Amino acid sequence: MKQSVHSVSSILLIRLSSMGDVLLATPAVRALRNTFPHAQIDVAVAKKFAEVWKHNPHINTVVEIDTSESVLGSTEIRKQLFKTVGRYDVIVDCQRNLRSWFLRRGLAKQTLFYEKFRAEKMGMVGKKVFPERMTHVVTRYYNALLPLGVQPDELGLELWLPEEQQTEYPPSLWQMLTAHAPVAFAPGARHATKRWPAEYFVQLAKKLHTTYNTSVVLLGGTDDKELCKHIAQECGEFVTDSSGASSLYQTARLLDSCSLLVTNDSGVMHIAAARQIPTVAIFGSTVQHFGFTPYKVRNTIVEQQLPCRPCTHIGKSECPLGHFNCMKQVLPEQVYLAVTEMLA
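The numbering used here puts the first residue of the sequence shown at 4, with every later residue one more than the last.
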C-alpha cells in the first residue's frame, strides 16, 4: 500500500559502505526528498564515507557508524536515535547485513529492503548463468522505495562539495590543471583482480602523451601510493601523482578539472559519475551484470569476454586460475582507442 506524502514524517536510509555503494544511494535519497519534501530524512553511513552526505541538501542528519567497532555498537546508536527521533516511520535498509539489523531493530514502523540478488550473483559466479537484463543497483534502490510511491528521476549520482573549501595543489599540479585539462587515471582498487596491470597504465599514459601531448594525474588513496609512485616514475614529468594526499572532496575537485577518467571498477569510478566526468572503465574479474557500472554519465566499459568471468562479485586477492587473463588480455591499445573516441 502506497504511503501518502503526509503519512511519512521521518525516514532513515541505511547504506554503510563502501564508497561506490554509498554514492549509488544518492539518487534514492533525492527521490525520497522529492516525494516527502517536509519529512526528516536521515542516513546511516560508516564514518569514513560520511563525507558523501555531509553537504547533501536532501539530508537532515548524517548518522555516522564506527564500523571498526563491534556490531553491538550499533545497538547504542539505535538507542540514541530512539531518544532523539523515536521510531522512524520508515527505515530503508540498503545494506542488509548483521550491523544494519542491529541498527534498525525495533526502530521503525515500516522497514523496506533492497534486493541483493544473491542467488543471481551466485549463478553468475558459479555457473556463468547471466540474467537477460542487467538491473543496476540504483534501480534496485529505487525499487525498494516503490511501496512509498517514490518515482525515479532521470538524473545521476550526486556529490555535493563544500563551497568554502579551497584546495591547495602542489605547484606542478596547479600548473597542469590551469594549462589544459589532463586525463585522470585511477589505477587502484581494493582487490587485486580488479586492477589493470600497472605497466599497461604506463603504456597508455605514454601513448596519450605522444599523440595528444596529454598530461596525466593519478588518483588514489593511501593504499595506492606505491602503485601510483611506480607509474609516475616510469612515465616522467608529464604524470603527476596525487594519490594518498587527496580527500574525497579534493579528488572530486581534481576530477572536475580533468577531461576524462580511466579507471578500474572502483570507488573513484562512481565519484567521477557523480561529477559527470566521462569515464573509460576497465572490468576484470567483475562484470557489468552485477549492476555497478557508471550511472547516468558518458562511459565506455572495456573488458575481455572469457568463460572464467566472473570469478567473484567483489574481487579477489589473486586470479584463482593463475593466468589473470581477464585483465592481461585487455591491451593498452584497446583502452587507448576507447579514450580517443571519448576525447573526439
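All C-beta atoms, glycine included, are put in the ideal place defined by N, C-alpha and C.
Here the structure is a predicted model, which means the values were calculated and not measured.
Quiz item: Does the distance from the CB of residue 113 to the CB of residue 34 come in under 8 Å?
Solution: For residue 113 and residue 34, no; Cβs fall outside 8 Å.
Quiz item: Helix, strand or coil: which one does DSSP assign to residue 203?
Solution: In the structure shown, residue 203 sits in a helix (DSSP, three-state: H, G or I).
Practice problem: Determine, using beta-carbon pairs with one atom in the segment 283-301 and one in the segment 224-241, whether at least three such pairs fall under 8 Å. | Solution: No: fewer than three Cβ pairs fall under 8 Å.
Quiz item: At what residues does the beta strand (DSSP E) containing residue 188 begin and finish?
Solution: Unbroken beta strand (DSSP E) run through residue 188: 186-189.
Self-check item: Residue from 138, 280 and 95 whose Cα sits closest to the Cα of residue 255
Solution: Of the listed residues, the one whose Cα sits closest to residue 255 is 280.
Practice problem: Find out if the Cβ-Cβ distance for the pair residue 95, residue 61 is shorter than 8 Å. | Solution: Cβ atoms of residue 95 and residue 61: not closer than 8 Å.
Quiz item: By Cβ distance, which residues of its chain are closer than 7 Å to residue 317, with the 5 residues on each side in sequence left out?
Solution: In its chain, beyond the 5 residues on either side, 194 have a beta carbon closer than 7 Å to the beta carbon of residue 317.
Exercise. Using 10 angstroms around the beta-carbon of residue 79, count the other beta-carbons present and answer buried if the total reaches 16, otherwise exposed.
Key: That one is exposed.
Quiz item: Between the Cα of residue 325 and the Cα atoms of 314, 334, 333 and 53, which residue gives the shortest distance?
Solution: From the listed residues 314, 334, 333 and 53, the smallest Cα separation to residue 325 is found for 314.
Quiz item: What are the partner residues of residue 65, as DSSP defines its beta bridges?
Solution: DSSP, once it has assigned bridges, lists 46 as partnering residue 65.
Quiz item: Can you tell me whether residue 125 is buried or exposed, with buried defined as 16 or more other CB within 10 angstroms of its CB?
Solution: Looking at its Cβ environment, which holds fewer than 16 other Cβ atoms inside 10 Å, residue 125 is exposed.
Practice problem: Put residue 105 into one of helix, strand or coil per three-state DSSP. | Solution: Of the three classes helix, strand and coil, the one that applies to residue 105 here is helix, per DSSP.
Quiz item: If you check the beta carbons only, do residue 207 and residue 339 fall under 8 Å apart?
Solution: Closer than 8 Å, so yes.
Self-check item: Counted within 10 angstroms of its Cβ, other Cβ atoms place residue 132 as buried (16 or more) or exposed
Solution: Of the residues assessed, residue 132 falls on the exposed side of the cut-off, its CB having fewer than 16 other CB atoms within 10 angstroms.
Quiz item: Applying the criterion that 16 or more other CB atoms from any shown protein chain within 10 Å of the CB defines a buried residue, is residue 2 buried or exposed?
Solution: What is shown of the chain runs 4 to 347, which leaves residue 2 out entirely.
Quiz prompt | Endpoints, alpha helix (DSSP H) assigned at residue 85 | solution = Taken as a continuous stretch (DSSP letters only), the alpha helix (DSSP H) holding residue 85 covers 76-87.
Quiz prompt | Proximity winner among 213, 107 and 188, relative to residue 262 (alpha-carbon distances) | solution = Among 213, 107 and 188, the Cα nearest to that of residue 262 belongs to 188.
Quiz item: Does the beta carbon of residue 240 come closer than 8 Å to any beta carbon on chain D?
Solution: Checking the listed chains, one finds no chain D in this structure; it contains a single protein chain.
Quiz item: Would you call the segment 49-56 and the segment 295-314 touching, i.e. three or more CB-CB distances under 8 Å?
Solution: Pairwise C-beta distances place the segment 49-56 out of contact with the segment 295-314, as fewer than three of them are shorter than 8 Å.
Practice problem: Go to residue 130, then tell me how far its alpha helix (DSSP H) extends in each direction, as first and last residue. | Solution: Per DSSP, residue 130 belongs to no alpha helix (DSSP H) and is neither H nor E.
Exercise. Might you give, ordered along the chain, the residues of its own chain that have their beta carbon closer than 7 Å to the beta carbon of residue 200, omitting 5 neighbours on each side?
Key: These residues qualify, in order along the chain: 330 and 331.
Practice problem: Enumerate in chain order the residues of its own chain whose CB-to-CB distance from residue 134 is below 7 Å, with the five nearest sequence positions on each side excluded. | Solution: If we look at residue 134 and ignore the five residues flanking it on each side, its Cβ neighbours are 123 and 292.
Quiz item: Can you check whether the CB of residue 25 is closer than 8 Å to the CB of residue 18?
Solution: Contact annotation: residue 18 and residue 25 have beta-carbon atoms nearer than 8 Å.
Practice problem: Give the straight-line distance between the Cα atoms of residue 40 and residue 104, rounded to the nearest whole angstrom. | Solution: Looking at the two C-alpha atoms, the distance is approximately 27 Å.
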